[in-house]
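Protein sequence lines correspond, in order, to chains A, B and C.
Residue 114 in my numbering sits at position 114 of the first sequence; the count goes up by one each step and never skips.
Residue 87 in my numbering sits at position 87 of the second sequence; the count goes up by one each step and never skips.
Residue 243 in my numbering sits at position 243 of the third sequence; the count goes up by one each step and never skips.
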Amino acid sequence: MMMTWLDTRRQILIAATTLLLLGAAILVPLPIAAAAPQTHTIAINARTFAFEPATVSVQRGDTVKIHFESLDAEHGLYIDGYAVNIQAEPGRSADAAFIADQEGKFKFRCSVSCGALHPFMIGELSVEPDLPLARASAVTLIAAIGAVMFFWKD
Amino acid sequence: MKKEIFALSVICLILIVFPVALFAYQAWRTNEPGIRTIDLVAHAPASGGWIPDTINVNVGERVRLRISASDVVHGFEIPALGIAVDEILPGHVEQVEFVAARAGRFAFACTRWCSVDHWRMRGVIQVIDPANPDQPPPLAALPLYQQMKIDIDAPHPAPNVPAARPAAARGARLDLAVPDDLRNQSPSDVFARLRGDPALKANSDTDLWDAVAFAWKSAAGDAAIAHGRALFARDCAACHGEGGKGNGTAGRNLPGLAAMQVSASLMSTVKRGPADFTDASKMLGASDVLLQGKILRGGMGTGMPEWRTLYTDQDMWDAIGFLRSFVFDYGFTK
Amino acid sequence: MTTSRIELTGIPIVKQLLVSRWLQWSLVAATLPFFVLAILTGLAGTPAGSRNFGIVFVWIVWWALLILVLVPLAGRFWCAVCPIPAPGEWLQRRALVQPREGGRLFTLGWKFPRRLSNLWLQNAAFIAVALFAKVILTTPFVSALALLLFVTIALVTSLLYERRIFCRYICPVGGFIGLYSQLAPAQVRVKDHALCATHHDKTCYTGNERGYGCPWLVFPAALDKNTYCGMCAECLKTCSLDNVALYARPFGADLLTNNGRRFDEAYRGLMMLAGAPLYTVVFMGPWAEIKQAAYAVGSPNWWGYALGLLALMLVIVPGIFFACAALARVIARVQTPARNFFIDYGYAALPLGLGAWAAFSLSFVLTNISYAWAVLSDPFGWGWNLFGTADWKWTPYLAGGHPILQIPILLVGLVASIAVALRTAREQHVSQRAALPIVAFAVTFTLGLVWLYV
């Protein structure tokens with residue numbers, strides 16, 4: 001592979017710039033004006049094998065109060081990233097409360113073995129604004145553009 | 001050639017000896033001489049219920065039940081033998097042991113809400129005396145409601161309904177004399193008798209209702225009410241709701257509901273669904289014996305199970321004692 | 001085409017191991033008990049999948065090992081130690097370790113039909129598994145039946161056909177780990193091709209008293225890509241000129257070889273690409289209706305799901321890629337058919353695909369591997385407690401933090417795909433701008449996965 005001195009220097013420049021931009025995309029704080037925190041009281045029902053509702057959306061900083069009921073057998077509610085792990089069965093509901101202080105999308109899962117599709121009984125809590133998604137998308141685009149420029153041979 | 005023999009022996013070990021060893025280990029683990037070991041697998045009723053659902057043992061045998069759950073969390077209880085396992089997790093095995101001391105039929109049931117058909121999940125252990133294999137089980141006494149010829153399906157609205165929720169604590173302070181035999185009278189009947197008592201003319205309706213509430217509470221007793229509360233939480237709340245309003249999550253799609261016929265000749269509409277225990281008119285118009293009848297017999301296809309085979313008489317009085325707390329204020333701190 | 005490489009068999013202990021006939025047998029003997037246990041527990045153990053060895057150790061542990069470790073690092077090495085073809089092969093060879101005197105094989109020795117001597121059977125097998133994946137992965141009994149089915153087919157084909165026909169042309173797993181093994185940093189290759197030209201016997205393919213000819217019907221002297229090499233090291237043993245070696249080499253080196261690029265392989269790469277987001281949606285998304293449709297095999301909903309799966313994997317994703325390849329052709333301004341562009345650029349999809357499957361699998365495994373600890377103590381769900389871990393509870397690892405690991409993996413795949421795409425344009429002697437539609441496809445695909453994972 002013949003690479004001229006200019007080529008190598010160009011590639012190093014591109015790589016360095018890309019890495020810098022990637023770092024910025026990941027670390028630079030984005031000043032999004034936060035709305036006043038609200039309290040959400042949400043009823044989540046579990047049935048084999050689904051949560052209803054399966055998607056919940058709140059704003060960062062909101063207080064979330066969940067009333068968890070099961071419609072048919074014992075199910076659990078485990079929220080990724082938040083310390084919530086409660087169980088309910090028909091006749092015995094459960095409650096949890098937390099402050100949505102991390103933004104992004106967090107899966108919630110059933111934590112009581114409830115049958116064949118138990119490991120796939122999943123819902124999603126979305127804490128807006130979804131900065132992680134924005135950052136990840138930016139990172140993807142920066143990496144792609146950097147890669148095109150890096151691997152482009154004149 | 002020696003290499004091949006060695007290699008083949010190892011493979012035979014893996015393909016033959018290993019599986020045999022696994023099953024042999026299980027057989028060794030689960031069989032103890034002198035003990036009758038029975039594998040009992042719990043499935044949600046739609047997938048088979050208890051398998052087996054009839055267990056036959058002889059009097060005097062020591063029985064070991066190895067109970068496992070195949071799909072969801074189940075529970076197990078043989079009420080007449082005082083045996084209970086609160087939780088059987090899927091893929092786990094719980095063991096109970098007992099000696100079949102006397103002949104008879106002993107019902108067992110699942111005690112954790114496992115599916116829409118949970119209430120169907122029952123079985124029976126038949127303990128047979130080999131000396132008298134065909135001896136019929138002793139006749140149980142007729143339930144009270146049948147002895148008294150009470151029609152438990154007839155509507156029972158209370159002619160008198162209190163304006164506010166009667167409080168047992170206030171009734172305690174009043175210290176009024178209340179009739180003893182409360183079981184076969186409805187609270188509304190007792191109120192009417194008190195109201196008709198000239199000695200109590202000065203007391204307001206509220207006072208008298210409070211006295212009725214207190215009478216019921218003390219007749220049951222705190223221990224019984226606590227036990228009734230536990231039974232309600234475990235067995236009733238799923239359909240009747242944690243607050244007794246008849247809005248439990250499992251009561252929404254009961255099989256018989258759609259088929260419930262509402263007679264046009266009845267003045268009051270029959271609610272389609274689990275009973276609302278906070279409905280003062282209905283609850284205050286029902287005697288304990290009537291309520292016991294409903295619990296004993298079940299709902300004839302509406303989805304209300306029969307509890308006669310599982311609950312002792314005391315269980316039922318305890319449960320009814322607690323049910324009254326949905327219309328009477330017993331001072332529970334929630 | 002020589003890429004930089006380090007001859008690992010130059011290290012004496014490595015050479016001794018690979019030349020020993022005991023190595024492969026002992027590795028298979030090591031995987032065989034797990035396989036036997038997986039089948040036994042699937043057939044006789046608890047139906048609760050999370051407490052059954054057959055489910056947990058096949059679809060979580062083995063899968064994790066395969067897609068996160070073995071394939072990216074050792075290519076198709078699993079094939080050398082896989083227990084599924086072993087009984088058939090031993091029967092066929094009438095030997096477990098040492099080749100028999102006289103070398104007569106217990107098989108009809110038919111040649112596999114030419115029409116089927118390609119990747120299409122494996123592509124179909126993978127689709128079949130995908131259609132029933134929801135049931136296979138969750139129901140121990142069905143999972144055991146699937147494994148028994150593979151073993152039976154492998155056994156029967158060994159008795160009817162020569163060598164390892166199951167592994168080469170039928171196994172659904174082999175189809176894609178073969179493709180992704182092109183990215184691995186290891187290879188079995190001839191040391192000096194000129195030396196092969198002087199060798200008339202070609203014992204690497206015909207076999208001799210030291211070993212068997214390549215079970216994957218590969219001609220080692222011509223082997224220039226990992227796709228069909230099962231890394232069993234027979235050729236290292238049989239080459240009488242000691243001209244075969246195991247090398248370490250840069251990741252993805254096989255993508256730099258233009259020879260032997262085929263439509264069935266390129267198409268499979270696109271099918272696998274479609275599979276990653278599909279499996280993510282079906283196994284990890286919050287869309288319960290889709291999951292239930294995937295599970296209720298035979299129901300009208302399932303037919304809808306099946307049609308959707310077939311459309312996505314067979315038509316939509318390959319179709320969109322074909323359109324991008326056609327656009328590349330337009331930009332390139334050449335007369336070469338679009339099909340050739342599809343094939344050439346299809347290999348650029350391989351790093352993307354492996355990255356996607358690794359990212360999906362990582363999240364799936366981190367969430368569910370904690371079942372393995374309890375299952376080790378109680379493989380059947382019969383109440384055993386062999387190692388005292390039977391009551392250990394499910395614990396999802398790094399819950400909520402998977403994207404931190406997934407994004408870098410996806411980006412490595414994306415960047416590698418872009419590099420390969422640009423290189424493809426250059427080797428076609430056209431403007432590199434022709435690669436841009438492919439780059440756009442790769443970026444869009446990655447953004448889609450980012451949306452699913454983050």
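Each residue gets a CB set at the ideal place from its N, CA and C atoms; glycine is no exception.
Keep in mind that this is a model prediction, so the values were computed, not measured.
Buried or exposed (CB count within 10 angstroms, at least 16 for buried), residue i
{"i": "residue 123(C)", "result": "buried"}
{"i": "residue 39(C)", "result": "buried"}
{"i": "residue 217(C)", "result": "buried"}
{"i": "residue 111(B)", "result": "buried"}
{"i": "residue 105(C)", "result": "buried"}
{"i": "residue 138(C)", "result": "buried"}
{"i": "residue 97(B)", "result": "exposed"}
{"i": "residue 134(C)", "result": "buried"}
{"i": "residue 132(B)", "result": "exposed"}
{"i": "residue 425(C)", "result": "buried"}
{"i": "residue 251(B)", "result": "buried"}
{"i": "residue 349(C)", "result": "buried"}
Beta carbon proximity, residue i to chain A, threshold 8 Å
{"i": "residue 258(C)", "result": "no"}
{"i": "residue 50(B)", "result": "no"}
{"i": "residue 237(C)", "result": "no"}
{"i": "residue 311(B)", "result": "no"}
{"i": "residue 428(C)", "result": "no"}
is_contact[residue i, chain C] using C-beta, thresh 8 Å
{"i": "residue 66(B)", "result": "yes"}
{"i": "residue 69(A)", "result": "no"}
{"i": "residue 97(A)", "result": "no"}
{"i": "residue 4(B)", "result": "yes"}
Span separating the alpha-carbon of residue i from that of residue j
{"i": "residue 267(B)", "j": "residue 132(C)", "result": "For residue 267(B), the predicted structure reports a pLDDT of 45, less than 50, and the residue's modelled location is therefore unreliable. A value from the coordinates is still provided. Looking at the two C-alpha atoms, the distance is approximately 56 Å."}
{"i": "residue 405(C)", "j": "residue 443(C)", "result": "18 Å"}
{"i": "residue 143(B)", "j": "residue 76(A)", "result": "41 Å"}
{"i": "residue 155(C)", "j": "residue 222(C)", "result": "28 Å"}
{"i": "residue 258(C)", "j": "residue 136(C)", "result": "38 Å"}
{"i": "residue 229(B)", "j": "residue 240(B)", "result": "13 Å"}
{"i": "residue 204(B)", "j": "residue 249(B)", "result": "40 Å"}
{"i": "residue 403(C)", "j": "residue 447(C)", "result": "13 Å"}
{"i": "residue 384(C)", "j": "residue 127(A)", "result": "43 Å"}
{"i": "residue 103(C)", "j": "residue 11(C)", "result": "31 Å"}
{"i": "residue 36(A)", "j": "residue 441(C)", "result": "40 Å"}
{"i": "residue 282(C)", "j": "residue 43(B)", "result": "26 Å"}
{"i": "residue 94(C)", "j": "residue 163(C)", "result": "13 Å"}
{"i": "residue 173(C)", "j": "residue 127(B)", "result": "55 Å"}
{"i": "residue 324(C)", "j": "residue 438(C)", "result": "6 Å"}
{"i": "residue 394(C)", "j": "residue 370(C)", "result": "5 Å"}
{"i": "residue 4(C)", "j": "residue 224(C)", "result": "14 Å"}
{"i": "residue 102(B)", "j": "residue 118(B)", "result": "29 Å"}
{"i": "residue 428(C)", "j": "residue 419(C)", "result": "14 Å"}
Cβ of residue i within 8 Å of any chain B Cβ
{"i": "residue 90(A)", "result": "yes"}
{"i": "residue 94(A)", "result": "no"}
{"i": "residue 444(C)", "result": "no"}
{"i": "residue 97(C)", "result": "yes"}
7 Å Cβ shell around residue i - same chain, five flanking residues per side excluded
{"i": "residue 145(B)", "result": "152, 289, 290, 292, 293"}
{"i": "residue 199(C)", "result": "241"}
{"i": "residue 83(C)", "result": "28, 31, 32, 35"}
Neighbourhood of residue i by C-beta, 6 Å cutoff - its chain only, sequence neighbours within 5 removed
{"i": "residue 182(B)", "result": "219"}
{"i": "residue 71(A)", "result": "45, 47"}
{"i": "residue 299(B)", "result": "none"}
{"i": "residue 212(B)", "result": "187, 190, 191"}
{"i": "residue 274(C)", "result": "312, 313, 317"}
{"i": "residue 109(C)", "result": "162"}
Integer-rounded CB distance, given that residue j should sit under 8 Å from residue i
{"i": "residue 292(C)", "j": "residue 227(C)", "result": "With 8 Å as the limit, residue 292(C) and residue 227(C) do not qualify as a contact, their Cβ atoms being about 37 Å apart."}
{"i": "residue 409(C)", "j": "residue 362(C)", "result": "7 Å"}
Within chain E, the residues that residue i reaches when beta carbons sit closer than 9 Å
{"i": "residue 45(A)", "result": "Looking at the structure shown, chain E is missing, and the protein chains on hand are A, B and C."}
Cβ shell of residue i (< 8 Å), same chain only, five flanking positions each side left out
{"i": "residue 98(C)", "result": "21"}
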